[in-house]
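Report on the structure given below.
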Amino acid sequence: MHPFLQKDFHIRWSTLTPDHIETDISKALTDAQAAVDAVAARSTDAPETLTYENTIAALDDGLEPLNHAWGLVSHLDSVNNSPELRDAHNAMLPKVSEFFAGIPLNETLWKTLKAYGESLATDKLSPTKQRYIHETLADFREQGADLPPEQKARAGEVQKRLAELTQSYSEHCLDATNAWEKIVTDETELAGLPESAVAAAKQNAEQKGHENAWRFTLQAPSFIPVLTYADSDSLRQELWQAYATIGREGEYDNRELVREILDLRHEFAQIVGQDNFADHVTSRRMAASGDAALKFGNAIFNKIQDQFVEETNALSQFKADATKEPRELLEPWEVGYWAEKQRLANFDFDEEALRPYFPINRVISGMFDIAQQIFGLRIEERATAGGTASAPSAEPKSQSSALSSQASEALPEVWHEEVKFYDLFDADSGEQLGSFYADWHPRESKRGGAWMNYLLTGNRDASVGPRTPHLGLICGNLTPPVGDQPALLNHREVETIFHEFGHLLHHLCGEVEVKSLNGVNVPWDFVELPSQILENWCWDRESLDLFARHHETGDAIPQDLFDKMLAARNYMKASANVRQLSFGKMDLELHINWPETKKKDLDAFIKKQLDGYNAARKTEPKSNVFNFSHLFSSPTGYAAGYYSYKWAEVLDADAFTRFQKEGILNAETGRAFRNEILAKGNSEDPALLFKNFMHRNPDPDALLRRDGLID
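Numbering of the sequence shown is given in the numbering used here, commencing with residue 53 and proceeding in unit increments.
Printed below as a string of structure tokens:
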């Protein structure tokens, strides 16, 4: 019995215990190595015997069980972390990393794949399979397949070490976050906080055994309301300083890890023939080079720098006017607080007024309704088992999210009682395209942030067999329910749900005959288009009315509140853009200039490179480089690729103009997006996919126009 190696579509999470990891992953590694050896052993002296099925496809099929099993281990490490699981994961991580790093460095395997890939036999394949062969050979070359033996050996060592270092970085961020708490016993310190935040803090304290107290943590639903609303300057300062020191001190110090990670990334890039890691990462993306990605961000910054300065000065002046004190620089823990005050003064808009209209179950069911109307999908929730038995949401369902009636089937298991499970169908044919899990609330055993991942990619190749459904998941750390109240979200959290659902649809709507080209397996600066475009439906009256309903009365958002929300949408937009641009610039500058930077103080280097991007503050904040999981929690991840958020935001702002012209819920437009973008994955060049949908190239000013920063 090898539970991690089972091929059940409904994963039996209860059997996936830490004590099976070493045995199961070891077997998966052995089987995968045998598959690699079998392909490598094929004779290149008789190229006519080489086929797609016995080379490229055989390699993919042979690696799939290991990829799936290790994906399950990594997922559990993210959502149900425990000392036992962490130990088992980390014991196998070097072996798994070494194995995958060694595949493109395997001389005989490379010889076989190259012989087939360069043969005339590939001309008879479908364009998608031809593209996959090209991409596979390019992947191998990019990872060092043509290197001499000594350099191959070193490249493998570097990748193995990077996996270990980035795992440690991620664990430090999680552990440091969980290690800190603030217990408040004086209720006057809570002045200004929304009732929802106070109630959540009280419930949190009670769960930890603190009576007549309020507990705050560094998890986003806890500390963000404090920084935004708390009148107590000292409370805001304490939480801000605690968050700012994550990864900078004690047993969770990431400073040396970051230096070694950057060292090894640069070394690897040089080994495979690139000037720097940014060029290595971007060479086959839309940006094409690190320098081009840097220029892209700088060009946007130059257009909005003056507005950014004006917004910064206006906020300082607003505080001075409100307090009747001389204007001075703000402290970093004052910015969110006074920005909220200024927004309220300018637009008479308090985002907390929206929270009662966003109970999470209604948001989700409305999102499913939108997916049905525009993309032609139907989504049904399933009853589940696991953790403790999880019944379907008590919230009344729309037709599209009604409980599936497949009572005869065993209930799909989940890894925690809060997790939901859904089936997704094509609304016209009734075919099940896929299923997915949703895990939305924070836990101490769960890493921060929000993400989507795929667990299984179904078959879309008729020559292999019948079509089978895809399987994926979406996770977040959204405001949890308090007492008998449903989880009431703020508007940004609603956007987060739509964002991750966009990633999920990219996977579940995939129609690519090659699994490795399906869904989100696209260039990194294109992957955020489906996710970011879905956020637009959180701002339109017609779509909001499908789900934004008061949790007690069922009323829609009043028109005057909606008008205020819309008027305030572009408040501090230059600052918001510059903040994201600064992260992308920091990322690229570090990875482009590491040889000249490695002996310098990183905070000083980042400060110099971001001159003009960071507003001056009374207490100068240090960089977030030691608590930036996007960049350092995996060997590559978003490293030298954080710019892709803004790159894809330009694409999404432009693509959404077609919906605005043709109808926000226009089914024909939605089907075009599904067919030309979601279904195609990486089967064609992303620039061509975008052009097929928009019938033209991207408009580079679309984002700033939407944000009200240019006419």
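The C-beta atom is built at its ideal place from N, Cα and C for all residues, glycine as well.
- Counting only the same chain and skipping the five closest in sequence on each side, list residues whose C-beta sits under 6 angstroms from that of residue 427. Residue mapping note: residue 427 aligns to position 375 of the sequence shown, counting from 1. The answer, listed in chain order, is 722 and 726.
- Message: I want to know whether the stretch 121–128 touches the stretch 195–214 - three or more CB-CB distances under 8 angstroms.
- Response: no
- Kindly give me the distance between the Cβ atoms of residue 225 and residue 679, rounded to whole angstroms, as I take these residues to be in contact under 8 angstroms. The count along the sequence shown starts at 1 and reaches residue 225 at position 173. The count along the sequence shown starts at 1 and reaches residue 679 at position 627. Contact holds; Cβ gap of about 6 angstroms.
- Report the rounded CA-to-CA distance for residue 621 versus residue 163, giving the unit in angstroms. In the sequence shown, counting from the first residue as 1, residue 621 sits at position 569. In the sequence shown, counting from the first residue as 1, residue 163 sits at position 111. In a straight line, the C-alpha of residue 621 is about 56 angstroms away from that of residue 163.
- Please name the residue in 161, 472 and 189 whose C-alpha comes closest to that of residue 493. Mapped onto the sequence shown, residue 493 falls at position 441. The option with the nearest alpha carbon to residue 493 is 472.
- Item | N-terminal and C-terminal residue of the beta strand (DSSP E) that residue 175 is part of | The sequence position of residue 175 within the sequence shown is 123, counting from 1. Run containing residue 175: none; DSSP gives neither H nor E here.
- Task: Tell me whether the beta-carbon of residue 180 lies closer than 9 angstroms to the beta-carbon of residue 165.
- Result: Numbered from its first residue, the sequence shown carries residue 180 at position 128. Numbered from its first residue, the sequence shown carries residue 165 at position 113. Contact: no.
- Would you mind giving the Cβ-Cβ distance between residue 266 and residue 253, rounded to the nearest angstrom? I have them listed as a contact below 8 angstroms. As a position in the sequence shown, residue 266 is number 214, starting the count at 1. As a position in the sequence shown, residue 253 is number 201, starting the count at 1. Indeed, because the Cβ distance is near 4 angstroms, the residues count as touching under 8 angstroms.
- From residue 93 to residue 495, what does the alpha carbon distance come to, in whole angstroms? Within the sequence shown, numbered from 1, the residue matching residue 93 stands at position 41. Within the sequence shown, numbered from 1, the residue matching residue 495 stands at position 443. So the alpha carbons of these two residues sit roughly 48 angstroms apart.
- Query: In terms of alpha-carbon separation, which member of 691, 327, 469 and 605 lies closest to residue 647?
  - Reply: The residue given as residue 647 occupies position 595 in the sequence shown. The candidate whose alpha carbon is nearest that of residue 647 is 327.
- Item | Through-space distance from residue 53 to residue 79, alpha-carbon basis | Position 27 of the sequence shown, counted from the start, is the residue given in the question as residue 79. Position 1 of the sequence shown, counted from the start, is the residue given in the question as residue 53. Approximately 11 angstroms between the Cα atoms of the pair.
- By how many angstroms is the C-alpha of residue 299 removed from the C-alpha of residue 661? For the purposes of this step, residue 661 is taken as the residue at position 609 of the sequence shown. For the purposes of this step, residue 299 is taken as the residue at position 247 of the sequence shown. Each residue's Cα considered, the two are about 21 angstroms apart.
- Cβ-Cβ separation, residue 323 to residue 203 (assumed contact under 8 angstroms), whole Å: On the sequence shown, residue 203 is found 151 positions in, with the first residue counted as 1. On the sequence shown, residue 323 is found 271 positions in, with the first residue counted as 1. Indeed, because the Cβ distance is near 5 angstroms, the residues count as touching under 8 angstroms.
- What runs of the alpha helix (DSSP H), each 4 residues or longer, lie entirely inside the stretch 626–668? 646–649 and 654–661
- Query: According to DSSP, is residue 431 helix, strand or coil?
  - Reply: Position 379 of the sequence shown, counted from the first residue, corresponds to residue 431. It is a strand residue.
- Message: Here's the rule I'm using: 16 or more other beta-carbon atoms within 10 Å means buried, otherwise exposed. How should residue 664 be labelled?
- Response: Indexing the sequence shown from 1 puts residue 664 at position 612. Flag for residue 664 reads exposed.
- DSSP state of residue 458, grouped into three classes? Locating residue 458 in the sequence shown gives position 406, counting from the first residue. Residue placement at residue 458 is poorly supported in this model, since its pLDDT is 44, which falls under 50; the coordinates are not used for a value here.
- Message: Assuming the contact rule is C-beta atoms closer than 8 angstroms, residue 507 and residue 114 should be a hit. Round their C-beta distance to whole Å, please.
- Response: In the sequence shown, counting from the first residue as 1, residue 507 sits at position 455. In the sequence shown, counting from the first residue as 1, residue 114 sits at position 62. Actually they do not touch by this definition, with Cβ atoms about 19 angstroms apart.
- Message: Ignoring anything shorter than 3 residues, give me the beta strand (DSSP E) runs that lie fully in the stretch 213–273, in order along the chain.
- Response: 234–236 and 266–268
- Endpoints, the beta strand (DSSP E) within which residue 503 is located: For this step, residue 503 is matched to residue 451 along the sequence shown. Element bounds for residue 503: 503–508.
- Query: Name the DSSP bridge partner or partners of residue 487?
  - Reply: Here the question's residue 487 lines up with position 435 in the sequence shown. DSSP lists 475 and 523 as partners of residue 487.
- Item | Nonlocal neighbours in the same chain, by C-beta distance under 8 angstroms from residue 352, ignoring five residues either side | Numbered from its first residue, the sequence shown carries residue 352 at position 300. If we look at residue 352 and ignore the five residues flanking it on each side, its Cβ neighbours are 629, 633, 698, 755 and 756.
- In chain order, what residues of the same chain lie with their CB nearer than 7 angstroms to the CB of residue 68, ignoring the 5 residues before and after it? Here residue 68 refers to the residue found at position 16 when the sequence shown is read from its first residue. 55, 56, 124 and 128, listed in sequence order.
- Task: Select from 478, 487, 480 and 482 the residue whose C-alpha is nearest the C-alpha of residue 465.
- Result: Along the sequence shown, read from residue 1 onward, the residue named residue 465 stands at position 413. The residue with the shortest Cα to Cα distance from residue 465 is 487.
- Item | Closest residue to residue 668 among 365, 96, 223 and 86 (Cα-Cα distance) | Stepping through the sequence shown from its first residue, residue 668 is reached at position 616. Among 365, 96, 223 and 86, the Cα nearest to that of residue 668 belongs to 365.
- residue 172: buried (16+ other C-beta within 10 angstroms of its C-beta) or exposed? Locating residue 172 in the sequence shown gives position 120, counting from the first residue. Answer is exposed; the Cβ neighbour count stays below 16.
- Message: Taking 9 angstroms as the threshold (C-beta atoms), are residue 619 and residue 759 in contact?
- Response: Mapped onto the sequence shown, residue 759 falls at position 707. Mapped onto the sequence shown, residue 619 falls at position 567. It is not a contact, given that the beta carbons lie outside the stated cut-off.
- Alpha carbon of residue 394 to alpha carbon of residue 531, nearest angstrom: What you label residue 394 is simply residue 342 of the sequence shown in a count that begins at 1. What you label residue 531 is simply residue 479 of the sequence shown in a count that begins at 1. Going by the C-alpha atoms only, they are around 24 angstroms apart.
- Are the stretch 209–228 and the stretch 292–311 touching, with three or more C-beta to C-beta distances below 8 angstroms? yes
- Message: So, under 8 angstroms CB-CB, residue 687 and residue 345 are touching, yes? Tell me the CB distance rounded to an integer number of Å.
- Response: In the sequence shown, the residue the question calls residue 687 occupies position 635. In the sequence shown, the residue the question calls residue 345 occupies position 293. With 8 angstroms as the limit, residue 687 and residue 345 do not qualify as a contact, their Cβ atoms being about 19 angstroms apart.
- Hey, could you find the ends of the alpha helix (DSSP H) residue 759 is sitting in? Sequence index remark: in the sequence shown, residue 759 carries index 707 (1-based). No alpha helix (DSSP H) contains residue 759, which DSSP labels as neither H nor E.
- Spatial neighbours of residue 453 within its chain, please: CB distance less than 6 angstroms, with the 5 preceding and 5 following residues excluded, ordered by chain position. Stepping through the sequence shown from its first residue, residue 453 is reached at position 401. Caution applies to residue 453, whose pLDDT of 40 falls short of 50 and renders its modelled position unreliable; the model cannot decide the point.
- Message: I'd like to check one pair, residue 330 with residue 281: are the Cβ atoms closer than 9 angstroms?
- Response: Numbered from 1 along the sequence shown, position 229 holds the residue referred to as residue 281. Numbered from 1 along the sequence shown, position 278 holds the residue referred to as residue 330. Not closer than 9 angstroms, so no.
- Considering only the beta carbon of each residue, do residue 236 and residue 287 sit closer than 9 angstroms? The residue labelled residue 236 in the question sits at position 184 within the sequence shown. The residue labelled residue 287 in the question sits at position 235 within the sequence shown. In this structure, residue 287 lies closer than 9 angstroms to residue 236 by Cβ.
- Query: DSSP on residue 193, reduced to helix/strand/coil?
  - Reply: Taking the sequence shown and counting its residues from 1, the one referred to as residue 193 is at position 141. If DSSP states are grouped into helix, strand and coil, residue 193 belongs with the helices.
- How is residue 280 classed by DSSP in three states: helix, strand or coil? Locating residue 280 in the sequence shown gives position 228, where the first residue counts as 1. In the structure shown, residue 280 sits in a helix (DSSP, three-state: H, G or I).
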